[in-house]
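Asker: I have a structure here, written as structure tokens, and I will follow up with some questions on it.
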Ligand SMILES: Nc1ncnc2c1ncn2[C@@H]1O[C@H](COP(=O)(O)OP(=O)(O)O)[C@@H](O)[C@H]1O
Ligand SMILES: [Mg+2]
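Residue numbers (our numbering): 358 to 662.
Here you go:
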């Protein structure tokens, strides 16, 4: 569906026209029928990548193959839906006028358009506000109408820039369900987010973007497995000698519920166990701690600082 290869984007800034590189060789693929998450902190380059894909920003290097087209042909756009990050629509239009306008741009007319609008308005729970001007909408309402307009042409490929932002938990749930519904219809979805919990529950695969580079790509499971697992070891009857024995290892020690708890990484597990055998303490339990995507995110962010 989409193949981005070594995408580079420079911006000229300030009046001296100094060049800054925002995308430093971004590569990833989105397969047909999947939900792909583009995750990274603010300023990582997610929006810029999307704008390059859509042809709203000119790339400085690299290649983009979107549905078999490499030069961003206009015809493809009719098969794409796009929710911009800060949808600033025509303020004085009402919700339904915006949808009608977008639908007409895509060549949809008459009853087909009116029917489509009704369906979408109820899907995003905006039927009640269809005759209200966009300038009176809250951020959450703009987000909902923005998603509705992105779906008006029944696109094969849906690009959503931060679709969950500005929504309360119920709104997020609804939008997630809506995205899953599109996937069930066989649509392909590329979305960006800095909210990892949403991505974790929604996406088939994710790419982590940090400072203009994709640092990891894979299924959520793959990314989590890739991280070395941390262990927690509970000891009983802990002689003071334990501290002595693990002194040279990077082990975190704490007391919890009357036990001495040791925390350490996979790579020193054998050495920690060996050290404990030499002490007078007894092992009560040893278990791996599943890291969250959040942890990976923080880990990668600290590497890139
Ligand atoms: N038109 C522009 N001119 C100069 N710099 C820009 C422009 N648009 C974005 N940037 C910079 O590019 C970086 C990435 O921005 P963006 O793609 O919006 O990140 P994200 O969507 O991941 O938050 C930021 O440092 C931002 O300041
Ligand atoms: Mg952005």
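C-beta: ideal position from N, C-alpha, C; glycine also.
#1: Which residue comes first and which comes last in the alpha helix (DSSP H) that contains residue 613?
#2: Who are residue 655's beta bridge partners in DSSP?
#3: Inspect the beta-carbon positions of residue 399 and residue 551 and report whether they are closer than 8 angstroms.
#4: With which residues is residue 573 paired in a DSSP beta bridge?
#5: Skipping 5 residues on each side, what residues in its chain have a beta carbon closer than 6 angstroms to that of residue 437?
#6: In whole angstroms, what separates the C-alpha of residue 464 from that of residue 582?
#7: Rounded C-beta distance between residue 365 and residue 452? I'm assuming under 8 angstroms.
#8: Reducing DSSP to helix, strand and coil, say where residue 552 ends up.
#9: How about residue 368: is its Cβ closer than 7 angstroms to a heavy atom in ligand 1?
#10: Less than 8 angstroms between the beta carbons of residue 535 and residue 394, yes or no?
#11: Is any heavy atom of ligand 1 found at a distance shorter than 7 angstroms from the C-beta of residue 401?
#12: Return the chain-ordered ranges of every beta strand (DSSP E) run that is complete within the region 376–413 and spans a minimum of 3 residues.
#13: For residue 608, count neighbouring C-beta atoms within 10 Å of its own C-beta (all shown protein chains included) and say buried if the count is 16 or more, exposed if not.
#14: Whole-angstrom Cβ separation of residue 562 and residue 391, contact assumed at under 8 angstroms?
#15: If you count every other CB in all the chains shown that lies within 10 Å of the CB of residue 406, and 16 or more means buried, which is it?
#16: According to the Cβ coordinates, are residue 569 and residue 396 closer than 8 angstroms?
#17: Would you say the beta carbon of residue 397 comes nearer than 7 angstroms to a heavy atom of ligand 1?
#18: Can residue 481 be considered in contact with ligand 1, in the sense that its beta carbon sits closer than 7 angstroms to one or more heavy atoms?
#19: Do residue 617 and residue 632 count as a contact pair if the criterion is CB distance below 8 angstroms?
#20: With distance defined between alpha-carbon atoms, name the residue in 592, 566, 598, 591 nearest to residue 655.
#21: Spell out the partners DSSP gives residue 598 in its beta bridges.
#22: Kindly indicate which three-state DSSP category residue 485 falls into: helix, strand or coil?
#23: Tell me which residue opens and which closes the alpha helix (DSSP H) that residue 345 is part of.
#24: Would you check whether ligand 1 has a heavy atom nearer than 7 angstroms to the C-beta of residue 404?
#25: With a threshold of 7 angstroms (Cβ to nearest heavy atom), would residue 608 be considered close to ligand 1?
Answerer: Result, derived from the coordinates:
#1: Counting along the chain, residue 613 falls outside any alpha helix (DSSP H), though it belongs to the beta strand (DSSP E) covering 609–613.
#2: Beta bridge pairing from DSSP links residue 655 with no other residue.
#3: By the CB criterion at 8 angstroms, residue 399 and residue 551 fall inside the cutoff.
#4: The partner list for residue 573 (beta bridge, DSSP) reads 565.
#5: Within the same chain, residue 437 has close Cβ partners 512, 514.
#6: Each residue's CA atom was taken as its position, placing residue 464 and residue 582 some 47 angstroms apart.
#7: Contact doesn't hold; Cβ gap of about 38 angstroms is too wide.
#8: When secondary structure is reduced to three states using DSSP, residue 552 falls in the coil class, being assigned neither helix nor strand.
#9: Remark: the shortest separation between the CB of residue 368 and any heavy atom of ligand 1 falls under 7 angstroms.
#10: In this structure, residue 394 does not lie closer than 8 angstroms to residue 535 by Cβ.
#11: Yes, the Cβ of residue 401 comes within 7 angstroms of a heavy atom of ligand 1.
#12: Entirely contained in the region 376–413, the beta strand (DSSP E) runs reaching 3 residues are, in chain order, 392–396.
#13: Using a 10 angstroms sphere on the CB of residue 608, the tally of other CB atoms reaches 16 or more, which defines it as buried.
#14: About 6 angstroms; that satisfies the 8 angstroms criterion.
#15: Result: buried.
#16: No.
#17: It does: the Cβ of residue 397 is within 7 angstroms (strictly closer) of some heavy atom of ligand 1.
#18: Ligand 1 has no heavy atom closer than 7 angstroms to the beta-carbon of residue 481.
#19: With contacts defined as CB atoms closer than 8 angstroms, residue 632 and residue 617 fail to qualify as a contacting pair.
#20: Minimum Cα distance to residue 655 is reached at 566.
#21: Answer is none; residue 598 lacks a bridge partner.
#22: Residue 485 falls in the helix class under three-state DSSP.
#23: The chain is shown only over 358 to 662; residue 345 falls outside these bounds and no answer can be derived.
#24: Yes, since a heavy atom of ligand 1 falls inside the 7 angstroms radius drawn around the Cβ of residue 404.
#25: For residue 608, the Cβ stays outside the 7 angstroms cut-off from all heavy atoms of ligand 1.
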